[in-house]
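What follows is a short report on a single structure.
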Ligand SMILES: [Zn+2]
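Residue numbers (the working numbering): -17 to 395.
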C-alpha cells in the first residue's frame, strides 16, 4: 500500500512524456533524401572503400615493377653519379627522382580518382587542364618537400642502425608540425584565393562565436573552393597571431545562416579543443609504428625477394622503394585506426559546434548535405572501419538528442 502510494506519487511528479522523439526526428530528416540520391551517395562512398585497397595495390605494383625492371637500381646509380657519391645529396636526389617518377607513372590512376570519378558523381567543377595544372604544382611541391623528409629519414637509417626509428619518429612529428604551420600560409594560397568575408550579421555571429571561445581573430576569410569542387567546408588554421577562420564559398552560397553557424561552431571546436596538438601526437605515434615495422619488414623483404633489385645495403637510398611497399600495405591494415582517431576528434567538435551555435537543426541539415558524398546510414562496423567523420545518421541523431534536452529554449535554430 505504502509502496504503491509512493509509486503513484513518483509517477505524478514525473514530467509528462515529451512529444519530441529524437529517433523519429532523425528518421524524418533522413526520409527527405530521395532513394535515387541516396543510392548515388552510397555508391560513391562505398567505391571509396575499394579505392583504399586499389590505391595500395597501385603503389605496391608500381614499386615492385620498377624494382624488378631494374629502373630503381639505375636511378640509384644516376643519383650517385650526379652527386659524385656524396651520401646526403645522393639520398635527396634519389628520393626526388623516385617521387617524381611514380607521380608520372600513376598519373592515369590519379586522373581517374581525382578528376574523372569526381565528375561521374557530379562533385567536381574543374576542367581537366585546370586539374592537371594543380596536379603539376602539387607533385612538384610534394617531390621537393617529400625529398627533404625522406633525406632526413634515410640519413637516420644510414647512420643510426639501432635507434633510427625512434629519432625518425621525432623527425616525423617535426615534419608534420612544420606542414601544419606552413601549409595554410604558403601552400594553400597556391591553389585558392582567400578574401575577407563582407560585413553581414552572419559574419558578426561567426566572430562572436570565435571570440566568445577564446579564438584570437577579428577576421573571417572566404576561400573560392567552388573553383574545384561542389563540397561545403570550412576550417580554423594557424596558431596565435596567424590564426585564421575561413569558410568556403559553397558553404556560404548553398546553405542557410544556421547551417553556416553550425559548421563554424564545429571548426572552432577543433581549435578550442586543441585538436591540432592531439592529432599531431597521435599521428607521430602512428609514424613511429610505421618506422618500427619498416625496420624489421624491409630488410626481410629485400632478403626474400630482392635478388634482382641490386640494392647494395643500408647505405643505398633505393631501400626506400621496398619500404614504400611495406608502408602501403601497413596503411591499409591501419585504416580503422587512423579513421577512428580522426572520427573521435570529429565527434568532439560536433558536440562543441552544436553547443556553440545552438543550431541543432542547422547541423542536421548540414549532415544531410554532407550525405551527398558520405553514406548516410552505414552499419556500426562500417562506420568504425571506413568513416573518418561520424555518419549522417549519427550526426543527426546527436543533434536531435541535444535538441530534446533543450526544448523550449528561445534561440534554437
Ligand atoms: Zn571537423
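Ideal Cβ positions, reconstructed from N, Cα and C, are used throughout, including at glycine.
- Query: What residues come near ligand 3, if near means a beta carbon less than 6 Å from any of its heavy atoms?
  - Reply: Because ligand 3 does not appear in the structure shown, any question about it cannot be addressed here, the ligands present being ligand 1.
- Query: Using DSSP with H/G/I as helix, E/B as strand and the rest coil, what is residue 178?
  - Reply: Shown here, residue 178 sits in a strand according to DSSP, grouped into three states.
- Item | Same chain, Cβ closer than 8 Å to residue 204, neighbours up to 5 away in sequence not counted | In chain order, 176, 177, 178, 179, 228, 229, 230, 231, 234 place their CB closer than 8 Å to the CB of residue 204, counting only its own chain and leaving out the 5 sequence neighbours on each side.
- Are residue 75 and residue 129 closer than 9 Å when you measure CB to CB? Yes. Within cutoff.
- Message: Since residue 346 and residue 310 should fall inside the 8 Å C-beta cutoff, what is the C-beta to C-beta distance between them, to a whole number of angstroms?
- Response: Residue 346 to residue 310, Cβ: 38 Å. No contact.
- Query: Taking just the CA atoms, how far does residue 95 sit from residue 274?
  - Reply: Distance between the alpha carbons of residue 274 and residue 95 is about 31 Å.
- Cβ pair residue 297, residue 69 closer than 9 Å: A contact, by the Cβ cut-off of 9 Å.
- Task: Could you tell me which residues DSSP pairs with residue 205 in its beta bridges?
- Result: The partner list for residue 205 (beta bridge, DSSP) reads 176, 230.
- Item | Distance between residue 126 and residue 81 (C-alpha atoms, nearest Å) | Cα to Cα, the separation comes out at about 9 Å.
- Message: Considering Cα atoms alone, identify which of 1, 262, 208 is closest to residue 152.
- Response: For the set 1, 262, 208, the Cα lying nearest the Cα of residue 152 is the one of 262.
- Item | Continuous alpha helix (DSSP H) stretch holding residue 44: start and end | Under the DSSP assignment, residue 44 falls in the alpha helix (DSSP H) whose first and last residues are 17 to 50.
- Message: Under 8 Å, with one C-beta from each stretch per pair, do the stretch 328 to 339 and the stretch 239 to 247 reach the 3-pair mark?
- Response: A contact is defined here as three or more CB-CB pairs under 8 Å, and the stretch 328 to 339 meets this definition with respect to the stretch 239 to 247.
- Query: Thinking C-alpha only, which one of 41, 277, 208 is nearest residue 139?
  - Reply: That would be 277, whose Cα lies nearest to the Cα of residue 139.
- Are residue 377 and residue 352 closer than 9 Å when you measure CB to CB? Contact: yes.
- Straight-line gap, residue 394 to residue 237 (C-alpha atoms, nearest Å): Taking the straight line from one Cα to the other gives about 17 Å.
- Query: Start and end of the alpha helix (DSSP H) containing residue 107?
  - Reply: No residue range can be given for residue 107, since it is assigned to no alpha helix (DSSP H) and is classified by DSSP as neither H nor E.
- Message: By DSSP's criteria, residue 218 is part of a beta bridge. Which residues make up the other side?
- Response: By DSSP's assignment, residue 218 forms a beta bridge with 227.
- Query: Exposed or buried, residue 2, counting other C-beta atoms within 10 Å across all chains shown (16 or more means buried)?
  - Reply: Exposed, since its Cβ has fewer than 16 Cβ neighbours within 10 Å.
- What number of angstroms, rounded off, separates the C-alpha of residue 73 from the C-alpha of residue 202? Residue 73 and residue 202: Cα-Cα distance of roughly 43 Å.
- Query: How would you label residue 388, buried or exposed, when you count the other beta carbons within 10 angstroms and need 16 or more for buried?
  - Reply: Looking at its Cβ environment, which holds fewer than 16 other Cβ atoms inside 10 Å, residue 388 is exposed.
- Query: From which residue to which residue does the alpha helix (DSSP H) around residue 356 run?
  - Reply: It is not in any alpha helix (DSSP H) - residue 356 carries neither H nor E in the DSSP assignment.
- Query: Across which residues does DSSP place residue 211 in a beta bridge pair?
  - Reply: Partner(s): 106.
- Task: Leaving aside the five residues before and after residue 7 along the sequence, list all residues of the same chain whose C-beta is less than 7 Å from its C-beta, in chain order.
- Result: Answer for residue 7: 382, listed in chain order.
- Message: DSSP three-state label for residue 55, please.
- Response: In the structure shown, residue 55 sits in a helix (DSSP, three-state: H, G or I).
- Query: Can you tell me whether residue 213 is buried or exposed, with buried defined as 16 or more other CB within 10 angstroms of its CB?
  - Reply: Residue 213 should be labelled buried.
- Query: Using the C-alpha atoms, what's the distance from residue 144 back to residue 357?
  - Reply: Answer to the nearest angstrom: the Cα atoms are 45 Å apart.
- Message: I need the straight-line Cα distance from residue 193 to residue 258, nearest angstrom please.
- Response: When rounded, the distance between both Cα atoms is 19 Å.
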